[in-house]
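Numbering (this note's numbering), first residue to last: 546 to 1218.
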Ligand code: D41
């Protein structure tokens, strides 16, 4: 059957297009079309190849689907050994490396090619006359395993070099890895299938590459970056500079680290290290350092090797973000709402730049899912500013004495019953404010900056107040005397006086802050604001039933129920009564029914400078109570700028943008009071 010329052309185009999008996705981590579009192109290619089987060729992207499983991997001897890299951990190590290079070459100011160090698996790819013929793992550097079938499924590895004059033989070396987002997706799938999750992208890549059934590898999304060449015969590859050699690989359509660069001297090296280090968490792949190579290939040869590593290159490692340590115990901490959170007590370990001795385990299900036991050796990770977490257990290191964790049936703090509701992952102590742990947390929350803002009332002080039975409820704070405080351990007279002053100052507050400070379950700062704005007064809020509560924007049945439950508790009503009796007060507003029709509803205000009578918070509250919004910077969208004394640049900006400017009197007039 004769194949129409358009079909041949279309197939050629489709193959090019599919490879192009593979490259964008895996090498640049910047896809330019949605996955669904890619799938359509791929399906069309497969369909044309099904209709015209003569067109199928081994280098079509449709052939990257894997083949029948192998019994075992064959051994491959690397004709040129795949060397290892020496590691360096400090600036001094790098200064010494550069000195050795300069002394070895009797030269100054060396040019280096620098690149990220991918945390993947080193492999070697052999191309004969431009066709991929074999691929192998690094193994011990001298012999590896033949994983050709698996590597053919990695969509970003060229099956054919993009050149008309390919070398007779070209061996390309690089790292196979899994992008962070593909790792997350794979683990989500594993979770769904109730199969074991991978500890990190590197393990996932290793597990995928070492499959005897390449059809499994094909389903895992692997990526690849080239970092060098091995054997070369023929062709005219650049022979002078490493960076030019890499440019040539790019022209053959190999992915090469987009972050690579050429720098000079030790200063250039260290600057690069800091720059990449700062970007590390944002990169689409895991890296564990950077690699520096003398850029001149002739100079590389002159420097040669020591033992199994080149003198011309070094890996400058980042502080490890993952370390092994032991779980000494699993303790339980009680939070403000009574939730019992298991916390792993760890043998202290230095990871990601800090010493870690605790890791939260979230809840029982999480412990069961990861099968973490007391005595286990675990992988602990700390990435960026994220709270340290246990990634996985090292199963072969589990001692016989390892013990499973059991959630206590009694609260470890107050001894009350612990319950776990069916629809919740959390176990809770049911004692509420009778539990001293919950009382402490409730007090800390009450005093926190965004609630009543009592400066100086921190964890240590609250612990003492509660443990010595000086303070049981937030209302008790307002009858504290300086003498009582000064009696406490480590409390100087001066700081006692400061805390008393801060408590006094907090009496004058706003309704949203007060509602938030109560610590009603499911009522955060934003909900507290909405409630205050809607009801205008605490009494109205306290009287509201579930139905009227759900009239408030963003308040659903769960939140409404928590609120009703909170205010129906006699103890809570009593504490609120005492707080008011002891002088806690705020300006009440009108309810939203009025605000909806007010002149300022949805108008945008910016406050600047000091107003003669109103505190900033009060002015803000009054505006918001009538449905206005207060933002912090002046733009063309601003309706009013309210300016007091020493207004600063916001006033100038308002005048420049011709935004209406009000003084305090003007504001009050507008608000109708
Ligand atoms: O990204 C890497 N992991 C990486 C590894 C890299 N960027 N460059 C490397 N360069 C070399 C030399 C200088 C020996 C050609 C390497 C490795 N080697 C390497 N990877 C695993 C063992 C050695």
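Just so it is clear, CB atoms sit at the ideal spot from N, CA and C, and this is done for glycine as well.
Is any heavy atom of the ligand D41 found at a distance shorter than 7 Å from the C-beta of residue 1019?
Answer for residue 1019: no, Cβ out of range of the ligand D41.
Going by the CB atoms, is the gap between residue 958 and residue 982 shorter than 8 Å?
Taking the C-beta atoms as reference points, residue 958 is found nearer than 8 Å to residue 982.
Does the Cβ of residue 552 have 16 or more other Cβ atoms within 10 Å, making it buried, or fewer, making it exposed?
Burial is judged here by how many other beta carbons sit within 10 angstroms of a residue's own beta carbon; residue 552 has fewer than 16 and is exposed.
With 16 other Cβ atoms within 10 Å as the buried cut-off, status of residue 786:
Classified as buried, residue 786 has 16 or more neighbouring CB atoms from the shown chains inside 10 Å of its CB.
If you count every other CB in all the chains shown that lies within 10 Å of the CB of residue 1090, and 16 or more means buried, which is it?
So residue 1090 counts as exposed.
Is the beta carbon of residue 866 closer than 8 Å to that of residue 927?
Yes, Cβ-Cβ distance for residue 927 and residue 866 is below 8 Å.
In the DSSP assignment, find the unbroken beta strand (DSSP E) run with residue 1095 in it and report its ends.
That residue, residue 1095, is in no beta strand (DSSP E); it is neither H nor E in DSSP.
Using 8 Å as the threshold, is the C-beta distance between residue 872 and residue 886 below it?
Not in contact: residue 872 and residue 886 (Cβ atoms no closer than 8 Å).
Could you spell out where the beta strand (DSSP E) holding residue 676 opens and where it closes?
In the DSSP assignment, residue 676 falls within the beta strand (DSSP E) that extends over 676-682.
The beta strand (DSSP E) that contains residue 772, what's its start and end?
Start and end: 768-778.
Continuous beta strand (DSSP E) assignments of at least 3 residues falling wholly in the region 1130-1180
Fully enclosed beta strand (DSSP E) runs of 3 or longer: 1149-1153, 1174-1176.
Anyone know if the C-beta pair for residue 772 and residue 720 falls short of 8 Å?
At a Cβ-Cβ threshold of 8 Å, residue 772 and residue 720 count as neighbours.
From the DSSP output, in three-state form, read off residue 837 for me.
Strand at residue 837.
Bridge partner(s) assigned by DSSP for residue 663:
Looking at the DSSP assignment, residue 663 forms a beta bridge with 832.
Whole angstroms are fine: how far does the CA of residue 749 sit from the CA of residue 743?
As the crow flies, the alpha-carbon of residue 743 is around 6 Å from that of residue 749.
Use the C-beta contact count for residue 558: other C-beta atoms within 10 angstroms, 16 or more gives buried, fewer gives exposed.
Exposed, because fewer than 16 other Cβ atoms sit within 10 Å of the Cβ of residue 558.
For the alpha helix (DSSP H) holding residue 793, just list the boundary residues, first then last.
Unbroken alpha helix (DSSP H) run through residue 793: 787-796.
Of the choices 1197, 1164, 1174, 1198, whose alpha-carbon is the least far from that of residue 1209?
Nearest option by C-alpha distance: 1164.
In the DSSP assignment, what are the bridge partners of residue 855?
Residue 855 is bridged to 850.
Are the beta-carbon atoms belonging to residue 714 and residue 776 less than 8 Å from one another?
Cβ distance < 8 Å, so residue 714 and residue 776 count as in contact.
Under the criterion of a Cβ to heavy atom distance below 7 Å, does residue 663 qualify as lining the ligand D41?
Within the chosen limit of 7 Å, the ligand D41 reaches the beta carbon of residue 663 through at least one heavy atom.
Cβ separation of residue 897 and residue 861, assumed to be a contact under 8 Å, to the nearest whole Å
Incorrect: roughly 16 Å between the Cβ atoms, too far for contact.
Locate the alpha helix (DSSP H) running through residue 707, then write down its first and last residues.
Per DSSP, residue 707 lies in no alpha helix (DSSP H) and is assigned neither H nor E.
Should the region 676-684 be regarded as contacting the region 847-854, the criterion being three or more beta carbon pairs within less than 8 Å?
Between the region 676-684 and the region 847-854, the count of Cβ pairs shorter than 8 Å is below three; the stretches do not touch.
Can you determine whether any heavy atom of the ligand D41 sits closer than 7 Å to the C-beta of residue 683, and answer yes or no?
Yes - the ligand D41 has a heavy atom lying nearer than 7 Å to the Cβ of residue 683.
How close, in whole Å, do the beta carbons of residue 1151 and residue 1179 come, if the pair is a contact with beta carbons under 8 Å?
Contact holds; Cβ gap of about 5 Å.
Report yes or no: do three or more beta-carbon pairs, one from the region 1050-1069 and one from the region 988-995, lie closer than 8 Å?
Result yes; three or more Cβ-Cβ pairs closer than 8 Å.
Given 7 Å as the limit, tell me if residue 627 has its C-beta closer than that to any heavy atom belonging to the ligand D41.
Yes.
Looking at the unbroken alpha helix (DSSP H) that takes in residue 1038, where does it start and where does it end?
First-last of the alpha helix (DSSP H) with residue 1038: 1038-1051.
C-alpha gap between residue 1199 and residue 1185, whole angstroms
Looking at the backbone, the Cα of residue 1199 and that of residue 1185 are separated by about 8 Å.
What beta strand (DSSP E) runs, 3 residues minimum, are completely inside the region 616-648?
Runs found: 620-622.
Please determine, among 1155, 1029, 1217, the residue with the shortest C-alpha to C-alpha distance to residue 1187.
Nearest of 1155, 1029, 1217 to residue 1187, Cα basis: 1155.
Classification of residue 796 by the beta-carbon crowding that lies within 10 angstroms, buried from 16 upward:
Residue 796 should be labelled exposed.
What alpha helix (DSSP H) runs, 4 residues minimum, are completely inside the region 857-930?
Within the region 857-930, the complete alpha helix (DSSP H) runs of at least 4 residues are 909-915.
Cβ neighbours of residue 704 in the same chain (closer than 6 Å, five flanking residues each side left out):
Annotation for residue 704: 604, 677 place their beta carbon closer than 6 Å to its own, counting only its chain and skipping 5 residues before and after.
Check each candidate in 658, 669, 798, 1080 and name the one with the smallest Cα separation from residue 1221.
Nothing in the structure corresponds to residue 1221, since the chain is present only between 546 and 1218.
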